[in-house]
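Report on the structure given below.
Residue numbers (my numbering), protein chains in the order written: chain A, 1 to 353; chain B, 354 to 705.
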């Protein structure tokens with residue numbers, strides 16, 4: 001094998017790559033998804049009831065509601081807007097605060113507040129919204145609670161916010177979209193345009209072609225993984241270990257890309273695999289999103305052994321002892337995939353010959 | 354029209370499709386994976402706030418608090434209460450001391466202990482604290498001066514019969530399976546153009562119309578077949594099957610039109626992919642409205658797939674009928690026919 005020829009091939013891939021749609025897709029998609037999922041879905045998945053308020057005056061209840069951790073509060077400028085927001089489910093509970101609400105409450109006069117409830121709002125959300133509002137009204141009127149509530153916590157588990165639950169999905173997307181697709185599409189294109197045959201009549205070997213494409217996939221995969229972790233401020237206390245995990249994941253992505261590229265007849269087959277296999281790759285991330293699903297199911301998927309250490313390091317402050325077993329499994333999977341890549345290479349050599 | 358020619362072309366496309374065992378296998382696998390994913394997802398909605406209560410000598414409280422959305426579990430001892438909280442049997446444990454009523458009557462300000470698992474979110478802790486304070490206000494005869502006069506919008510009230518997450522995902526999965534076939538059809542046509550077999554076909558008795566009919570039939574069958582089979586397997590046809598099937602058929606017609614349009618624009622397979630991703634992203638947006646109600650504005654109605662998603666969702670999940678849905682089907686039909694015509698015109702120009 002000639003290192004120089006591999007470098008020349010890699011340079012060609014790097015020069016040609018950015019012109020292709022797949023290259024842009026693999027770079028842009030994870031970043032866009034990261035921003036969209038983190039900014040939008042991070043708040044959408046919140047389990048808090050959403051309260052909408054239309055205030056005819058300038059009630060202090062609005063600010064109290066905004067500061068309450070029990071609900072997400074949004075203010076509307078017109079009753080119609082509030083009604084529409086409840087109707088479409090943008091808020092669970094909507095209230096119309098009448099004029100002089102604060103002074104009426106302070107004087108202890110009876111006030112009737114119109115409230116709208118979204119038909120699909122969960123019963124527990126309705127209760128939480130209502131008792132929280134009642135509590136806030138009492139606070140507004142200066143009423144002193146007849147009891148002191150003391151909160152005691154049991155156990156040492158920590159709750160996982162949605163923004164954290166999304167991290168595995170983002171990492172897998174960053175590592176696998178480019179890492180897998182670049183080598184795969186590059187190989188399929190070469191097969192379709194019959195440039196592989198042309199290459200192999202030169203001193204270049206198929207081995208070198210595979211290696212160059214694999215290195216490209218690995219580099220893009222690792223780079224995108226690091227960028228996504230940086231964007232999500234998820235490097236934790238062990239950035240070196242995280243980089244190691246991403247590197248092992250990038251190896252897996254590149255190997256899968258080479259295998260896919262050598263077996264797929266054309267782009268349709270390639271995307272048909274993505275259509276079904278994509279879910280298998282992202283399985284652990286989807287399971288991680290929903291703690292109600294038994295988490296052991298995730299262990300069936302090979303990418304679990306990348307996702308779990310990343311979560312343990314970046315979100316739980318884990319170290320080598322917490323992830324060692326996963327690292328060994330991931331290395332084992334990478335080695336098995338190397339063997340499959342070798343078989344794919346032999347098969348392709350036979351086909352070309 | 355040449356029925357024999359059309360039959361031959363359709364048969365050729367299907368033979369090519371299934372001869373490629375790899376392609377056929379992964380297409381079936383996609384369906385299986387979507388169905389599996391559906392069944393793995395939660396099949397019910399937990400909309401109850403479960404609370405443990407240890408109130409020695411003050412048991413009537415449990416009955417006072419019990420209401421829809423709130424479930425009180427009475428613990429026999431403090432240890433049982435703590436275990437229940439730690440095991441997440443309930444979100445919070447409340448201890449009401451035996452002398453609490455006396456202390457309240459005597460005007461003292463007693464302390465009430467609430468127990469939470471350490472991973473309980475802050476909002477739940479605050480909500481249960483509010484709940485317990487309200488309970489005590491009620492016990493001490495201090496009603497709130499504010500009455501909430503509630504009205505459920507848009508009705509019916511779904512409390513107690515919420516749509517499980519997996520059923521909310523059903524339209525998304527069906528649309529994904531159907532929309533992915535835009536790639537299939539566009540690829541089929543682009544390959545013919547790339548390999549110049551189109552020109553070869555057109556010098557036979559097969560006309561452009563026959564070609565459109567054949568490709569259209571292949572595209573509709575592949576897209577509709579997968580979508581309909583998925584809905585059968587996940588119970589999406591249990592209510593108003595004719596409407597759901599009609600909606601899926603119109604969706605298949607729509608993606609066939611879009612497939613034609615993509616094939617007319619694409620130079621090669623990579624262009625098919627580029628345009629296909631754009632189409633996929635746009636067509637999937639309306640599904641987000643069923644997954645996350647309230648996040649999508651009225652603008653979503655300009656996307657044709659909205660009428661598929663909305664129809665499937667309303668019929669399969671809410672039991673809507675023809676009266677509620679006919680307008681959707683009509684608009685979907687108009688979109689589908691329009692896209693099919695535009696696609697055919699664009700493709701015809703490409704062939705010429």
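We put the CB at the ideal spot given by N, CA and C, even for glycine.
(request) Would you mind telling me which residues of chain A sit closer than 8 Å to residue 408 of chain B, beta carbon to beta carbon, in chain order? (result) Residues of chain A passing the Cβ test: none, with the nearest at roughly 13 Å.
(message) My output table needs one value for residue 445 of chain B: the three-state DSSP class, helix, strand or coil.
(response) Reduced to three states, the DSSP call for residue 445 of chain B is strand.
(message) Using the Cβ count rule (16 or more neighbours within 10 Å means buried), how would you classify residue 509 of chain B?
(response) It counts as exposed.
(request) Could you list which residues in chain B have their beta carbon closer than 9 Å to that of residue 380 of chain A, in chain order? (result) The structure shown has nothing for residue 380 of chain A, since chain A only spans 1 to 353.
(request) Report the three-state DSSP secondary structure of residue 406 of chain B (helix, strand or coil). (result) It is a strand residue.
(message) Distance cutoff 8 Å, beta carbons only. Does residue 170 of chain A sit that close to anything in chain B?
(response) No, residue 170 of chain A lies away from the interface with chain B (no Cβ there is under 8 Å from its Cβ).
(request) Grab the span of the alpha helix (DSSP H) containing residue 506 of chain B for me, first residue to last. (result) Careful: residue 506 of chain B lies outside any alpha helix (DSSP H), inside the beta strand (DSSP E) at 499 to 506.
(message) With distance defined between alpha-carbon atoms, name the residue in B:622, B:655, B:395 nearest to residue 548 of chain B.
(response) Checked all of B:622, B:655, B:395; the closest Cα to residue 548 of chain B is B:622.
(message) Quick check: what's the CA-CA separation for residue 231 of chain A versus residue 167 of chain A?
(response) If I take the Cα positions, the gap works out to 11 Å.
(request) Go to residue 653 of chain B, then tell me how far its beta strand (DSSP E) extends in each direction, as first and last residue. (result) The continuous stretches of beta strand (DSSP E) do not include residue 653 of chain B, and DSSP gives it neither H nor E.
(message) Does the CB of residue 98 of chain A have a neighbour CB from chain B at under 8 Å?
(response) For residue 98 of chain A, the closest Cβ of chain B is not nearer than 8 Å.
(message) If we define contact as Cβ-Cβ less than 8 Å, is residue 191 of chain A a contact residue for chain B?
(response) It does not; no Cβ of chain B falls within 8 Å.
(request) May I ask you to report which of helix, strand or coil DSSP gives residue 535 of chain B? (result) In the structure shown, residue 535 of chain B falls within a helical segment according to DSSP collapsed to helix, strand and coil.
(request) Could you name the residues of the same chain whose beta carbon sits closer than 6 Å to that of residue 453 of chain B, not counting the 5 residues immediately before and after it, in chain order? (result) For residue 453 of chain B, the CB contacts under 6 Å within the same chain, skipping 5 residues up- and downstream, are 463 in chain order.
(message) Using the Cβ count rule (16 or more neighbours within 10 Å means buried), how would you classify residue 671 of chain B?
(response) Answer is exposed; the Cβ neighbour count stays below 16.
(request) Indicate the three-state DSSP secondary structure (helix, strand or coil) for residue 147 of chain A in the structure shown. (result) Looking at residue 147 of chain A - three-state DSSP - the assignment turns out to be coil, as it is neither helix nor strand.
(request) Leaving aside the five residues before and after residue 140 of chain A along the sequence, list all residues of the same chain whose C-beta is less than 7 Å from its C-beta, in chain order. (result) So the qualifying residues of the chain are 60, 61, 64, 102, 105.
(message) Against chain A, does residue 462 of chain B count as a neighbour if the rule is that its beta carbon must be under 8 Å from one of theirs?
(response) Output row for residue 462 of chain B: interface = yes.
(request) Give the DSSP bridge partners of residue 376 of chain A, in chain order. (result) Only positions 1 to 353 of chain A appear in the structure, and residue 376 of chain A is not among them; the question remains open.
(message) Quick check on DSSP: helix, strand or coil for residue 97 of chain A?
(response) Looking at residue 97 of chain A - three-state DSSP - the assignment turns out to be strand.
(message) Quick check on residue 628 of chain B: buried or exposed, where buried means 16 or more other Cβ atoms within 10 Å of its Cβ?
(response) By the 16-neighbour rule on beta-carbons within 10 angstroms, residue 628 of chain B is buried.
(request) Using beta-carbon positions only, say whether residue 341 of chain A and residue 210 of chain A come within less than 8 Å of one another. (result) Yes, they are a contact pair.
(request) Spell out whether any CB of chain B is found under 8 Å from the CB atom of residue 225 of chain A. (result) For residue 225 of chain A, the answer is no, since every Cβ of chain B falls outside 8 Å of its Cβ.
(message) Check whether the stretch 652 to 660 of chain B and the stretch 681 to 697 of chain B are in contact - that is, three or more C-beta pairs closer than 8 Å.
(response) With the cut-off at 8 Å, the stretch 652 to 660 of chain B and the stretch 681 to 697 of chain B touch.
(message) Cβ closer than 9 Å: which chain C residues qualify as neighbours of residue 214 of chain A?
(response) Looking for chain C here will not work: the only protein chains present are A and B.
(request) Please decide whether residue 667 of chain B counts as near chain A, where near means a Cβ-Cβ distance under 8 Å. (result) Not closer than 8 Å to any Cβ of chain A, the Cβ of residue 667 of chain B fails to qualify, so no.
(request) Could you tell me which chain B residues have their CB closer than 9 Å to the CB of residue 307 of chain A, listed as they occur along the chain? (result) For a Cβ distance threshold of 9 Å, nothing in chain B lies close to residue 307 of chain A: the least Cβ distance comes to about 17 Å.
(request) Output yes or no for whether 8 Å exceeds the beta carbon distance between residue 164 of chain A and residue 315 of chain A. (result) Cβ atoms of residue 164 of chain A and residue 315 of chain A: closer than 8 Å.
(message) Distance check for residue 352 of chain A and residue 258 of chain A, CA to CA, integer angstroms please.
(response) Taken atom to atom, the span from the alpha-carbon of residue 258 of chain A to that of residue 352 of chain A is near 16 Å.
(request) Only counting runs of 4 or more residues, tell me where the alpha helix (DSSP H) segments fall wholly within the stretch 568 to 641 of chain B, in order along the chain. (result) Listed in chain order, the complete alpha helix (DSSP H) runs (minimum 4 residues) inside the stretch 568 to 641 of chain B are 594 to 618.
(request) Say whether chain A places a C-beta atom closer than 8 Å to the C-beta of residue 493 of chain B. (result) So yes, residue 493 of chain B belongs to the interface.
(message) Which of the three DSSP states is assigned to residue 21 of chain A in this structure?
(response) Helix at residue 21 of chain A.
(message) Which of the three DSSP states is assigned to residue 268 of chain A in this structure?
(response) DSSP places residue 268 of chain A in helix when its eight states are reduced to three.
(request) Could you run through the stretch 440 to 453 of chain B and flag, in chain order, every residue whose CB is less than 7 Å away from some CB of chain A? (result) If the cut-off is 7 Å between Cβ atoms, the stretch 440 to 453 of chain B has nothing near chain A.
(request) Under 8 Å Cβ to Cβ from residue 573 of chain B, same chain only, skipping five residues before and after it: list those, please. (result) Within the same chain, residue 573 of chain B has close Cβ partners 602, 605, 606, 609.
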